[in-house]
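Protein chains: 2
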Amino acid sequence: MPLVEPAPNLSASGPDAVERILASAKDLFAESGFDAVSMNAIAERAGVSKANVFHHFKSKDALYLEVLKTACNESGSQIDQLGNGSGTLVERLRDFSQLHLANILQDEKISRLIQRDLLENGPQRGKEFAEQVFGQNFASLVNILRTGQKKGELRKGIDPAMLATLLIGADVFFFQSREVLRHFPDVGFTDTPGSYSRMLVDILLHGILPHP
Amino acid sequence: MPLVEPAPNLSASGPDAVERILASAKDLFAESGFDAVSMNAIAERAGVSKANVFHHFKSKDALYLEVLKTACNESGSQIDQLGNGSGTLVERLRDFSQLHLANILQDEKISRLIQRDLLENGPQRGKEFAEQVFGQNFASLVNILRTGQKKGELRKGIDPAMLATLLIGADVFFFQSREVLRHFPDVGFTDTPGSYSRMLVDILLHGILPHP
DNA sequence: CGCAATATTGACCGGCCGGTCAGTCAGTGC
DNA sequence: GCACTGACTGACCGGCCGGTCAATATTGCG
């Protein structure tokens, strides 16, 4: 694919070469995917020679995995504050929804990278992500919901895992489909994630039927 | 006389070579993405020579666009029945949710293909898809919701476009995240899309708070 | 049948790919 | 000065890439 890249924003000097290589690789992999990015391109963007990239990372796969690993760590540490929330379940849901969407949008590159990797590496990678990256966060979200449900703050018929899936899925879908949604004349929330999040929680809390 | 090719599931004879090429390309592009698939691989899978592929399609891009075009047509014609639904808005929502998810899951390849293309071709492709593929379906879904709202079947504060986004997004997220969700011990609906769909509509209709 | 149009092919091209290698260079301890 | 180390480089490799082409098989039609 052509995909002309803009000016290589990473100049030759600056942080360590290794960091520059990792940053370039993250950007390029997130933009265009593993196969579409050449080691040459990564080296050029980082301002080093291709051979130097191979000096620091023993193969393209190793570099990719390193990029993915750091991306996952960054992504994972973001939502740790989730458990700290106090107040009613409703308040915590509002906070979570807002914070979660903001985190996704904040580092687009990481989100795209993970999304792309899941798409390309199928079920096996799905399992790895589930167990090593998202598992804890999802489980703790489910636990919060389940506790709230036992205290009567949540309707009995609700499956907490289903609700958690919906909360996360709505944000992920918003992120990845923004460029499509933007062109639907009926959609007015593409550029105001805050209002999207508010409407989401409102619907989840009260439903869409009249006379709540 | 092309002797019988060993492994590929599409043997040499059968439908026209063009159709075999399109089918192979669709499978491979959906599996691995544009850049990761070589014309040689497509040709082998289709049981023809690479040169023959170039005889029928003037370039790799042209072949890809053709695949995408047919995939979009298939995908688009599926949801046409949406407008036919009669009965209350609630019934129509149930039907739509069930049908929509089933359609996504039915031809996984098409879904993956479109998802991948949106990821790789950015905003420009997003606009094309919005205008040429999904626009009508989305607009008609929004119209159904808006009409129901005017008749009082839908709470007043609800944004119909938001609800439509949520309906579609929940299904899309379910499809693309199944391989992750499957490994969360709390999640029990990964292999029963019907129950997912039911729970989704239930939450959307009645909300999650007690005493509806 | 003959004959043109089409379908199909293997051989081939320049170019880029991931990766290797011999070697340069700056720093450091002795 | 000297030996050693690790960062770094340009040149190079075999192999595959998308794409071309002349030649051949196959078909359809008068």
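So the sequence lines, in the order shown, correspond to chains R and W.
212 is the number that the numbering used here gives the last residue of the first sequence; the numbers go up by one with no jumps.
212 is the number that the numbering used here gives the last residue of the second sequence; the numbers go up by one with no jumps.
Heads up, the beta-carbon is just placed ideally off N, CA and C, and yes, glycines get one too.
CB contact check: residue i to chain R, cutoff 8 Å
i, result
"residue 155 (chain W)", "yes"
"residue 67 (chain W)", "no"
"residue 135 (chain W)", "yes"
"residue 159 (chain W)", "yes"
"residue 35 (chain W)", "yes"
"residue 199 (chain W)", "yes"
"residue 32 (chain W)", "yes"
"residue 138 (chain W)", "yes"
"residue 120 (chain W)", "yes"
"residue 169 (chain W)", "yes"
"residue 166 (chain W)", "yes"
"residue 3 (chain W)", "Here the model assigns residue 3 (chain W) a pLDDT of 25, short of 50, so the residue's position is not dependable and the matter cannot be decided."
"residue 10 (chain W)", "Any reading at residue 10 (chain W) is ruled out, since the residue's pLDDT is 39, under 50, leaving its predicted position unreliable."
Proximity test, Cβ basis, 8 Å: residue i and chain W
i, result
"residue 94 (chain R)", "no"
"residue 100 (chain R)", "no"
"residue 127 (chain R)", "yes"
"residue 208 (chain R)", "yes"
"residue 193 (chain R)", "no"
"residue 39 (chain R)", "no"
"residue 163 (chain R)", "yes"
"residue 46 (chain R)", "no"
"residue 152 (chain R)", "yes"
"residue 203 (chain R)", "yes"
"residue 131 (chain R)", "yes"
"residue 142 (chain R)", "yes"
"residue 116 (chain R)", "yes"
"residue 17 (chain R)", "no"
"residue 13 (chain R)", "A caution first: residue 13 (chain R) carries a pLDDT of 45, below 50, which makes its placement in the model unreliable, though a value can still be read off. Answer no: the Cβ-Cβ gap between residue 13 (chain R) and chain W never drops below 8 Å."
Check: residue i C-beta below 7 Å from any heavy atom of the ligand SAM
i, result
"residue 125 (chain R)", "The ligand SAM is not part of this structure, which contains no ligands at all."
| request: Could you tell me whether the region 93-100 of chain W touches the region 92-102 of chain R, using the rule of 3 or more Cβ pairs below 8 Å? | output: no
| field | Every unbroken beta strand (DSSP E) within the region 129-175 of chain W, with a cutoff of 3 residues, ordered by chain | value | none
| Stretch pair the region 180-188 of chain R + the region 117-134 of chain W: three plus CB contacts closer than 8 Å | yes
| Segments assigned alpha helix (DSSP H), at least 4 residues, entirely inside the region 88-118 of chain W | DSSP runs (the alpha helix (DSSP H)) wholly in the region 88-118 of chain W: 89-106.
| field | Contact between the region 28-44 of chain R and the region 20-35 of chain W (3+ Cβ pairs under 8 Å) | value | yes
| request: State whether the region 188-205 of chain R contacts the region 162-181 of chain W, with contact taken as three or more CB pairs (one from each stretch) at a distance under 8 Å. | output: A contact exists between the region 188-205 of chain R and the region 162-181 of chain W.
| field | Selection of the region 173-193 of chain W by Cβ proximity to chain R, strictly under 9 Å | value | Of all residues in the region 173-193 of chain W, 173, 174, 176, 177, 178, 179, 180, 181, 182, 183, 184, 185, 186, 187, 188, 189 have a Cβ within less than 9 Å of some Cβ in chain R.
| request: Report yes or no: do three or more beta-carbon pairs, one from the region 58-66 of chain W and one from the region 144-151 of chain W, lie closer than 8 Å? | output: Contact fails: fewer than three Cβ-Cβ distances are below 8 Å.
| Segments of 4+ residues assigned as alpha helix (DSSP H) that fall wholly inside the region 22-67 of chain R | 39-46, 50-56
| query | If you pair each beta-carbon of the region 150-164 of chain R with each one of the region 148-158 of chain W, do three or more pairs fall below 8 Å? | reply | no
| message | Taking contact to mean 3 or more Cβ pairs, one atom from each stretch, closer than 8 Å, check whether the region 66-76 of chain R and the region 103-111 of chain R are in contact. | response | Inter-segment contact for the region 66-76 of chain R and the region 103-111 of chain R is present: three or more beta-carbon pairs are separated by less than 8 Å.
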